[in-house]
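Undergrad: In our numbering, the protein residues as written are 23 to 130.
Even for Gly, the Cβ is constructed at its ideal location relative to N, Cα and C.
Right, I'll just put the structure down here and ask away after.
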Amino acid sequence: MSPEQHQNLLHSLHECAVACNHCFDACLKEEDVKMMAECIRLDRECADICSYLEHALSRNTPFASELAAVCAKICEACGNECKKHEHEHCQKCAEACFKCAEACKSIA
């Protein structure tokens, strides 16, 4: 598939990476940073894989389905962790992660 055929997924990947980066930064500013450690770790993992997959799809990678499967798994893990926290940035991140996971599954 060409990058043009992945427009919805590319958009979801970008939005998820932005949400995860924002959540990562905001979590670092919370009072109890230790409590946010797993959220912070997964935010980084998720932002990195989403950014990588976005770039890989734009260059028409032959590994799209494999990478998308891994990305979906990481997005779900991040979303599940973020939804445990009541902070608005975590809730928005969880929403973006679950949306991205579903979009990734469509090509996995």
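Kindly indicate which three-state DSSP category H109 falls into: helix, strand or coil?
TA: As a working mapping, residue 109 is identified with position 87 in the sequence shown. Reduced to three states, the DSSP call for H109 is coil.
Undergrad: Going by Cα to Cα distance, which pick from E124, K105, K121 and C122 is closest to I62?
TA: Within the sequence shown, residue 62 is the residue found at index 40, counting from 1. Residue K105 is the option with its Cα nearest to I62.
Undergrad: Just to confirm before moving on: does the CB-CB distance between C115 and D65 stay below 8 Å?
TA: Your numbering for residue 115 matches position 93 in the sequence shown. Your numbering for residue 65 matches position 43 in the sequence shown. Yes, Cβ-Cβ distance for C115 and D65 is below 8 Å.
Undergrad: Here's the rule I'm using: 16 or more other beta-carbon atoms within 10 Å means buried, otherwise exposed. How should H77 be labelled?
TA: Your numbering for residue 77 matches position 55 in the sequence shown. Answer is exposed; the Cβ neighbour count stays below 16.
Undergrad: Out of H107, E60, N43 and E103, state which residue places its alpha-carbon closest to the alpha-carbon of I71.
TA: The residue labelled residue 71 in the question sits at position 49 within the sequence shown. Checked all of H107, E60, N43 and E103; the closest Cα to I71 is N43.
Undergrad: Under the three-state reduction of DSSP, which class applies to F85: helix, strand or coil?
TA: Translated into the one-based positions of the sequence shown, residue 85 becomes position 63. Here F85 sits in coil by DSSP.
Undergrad: Which residue's Cα is closest to the Cα of E52: H109, I129, K121 and S128?
TA: Numbered from its first residue, the sequence shown carries residue 52 at position 30. Of the listed residues, the one whose Cα sits closest to E52 is H109.
Undergrad: Look at the alpha carbon of L35 and the alpha carbon of E103, and state the distance between them as a whole number of angstroms.
TA: Residue mapping note: residue 35 aligns to position 13 of the sequence shown, counting from 1. Residue mapping note: residue 103 aligns to position 81 of the sequence shown, counting from 1. Looking at the two C-alpha atoms, the distance is approximately 18 Å.
Undergrad: Here's a check: name, in chain order, each residue in its chain whose Cβ is nearer than 6 Å to the Cβ of A69, leaving out the five neighbours to either side.
TA: Here the question's residue 69 lines up with position 47 in the sequence shown. Answer for A69: A39, C42 and N43, listed in chain order.
Undergrad: Can you give, in chain order, each stretch of the alpha helix (DSSP H) that sits fully within the stretch 45-104 and has at least 4 residues?
TA: 59-80 and 86-104
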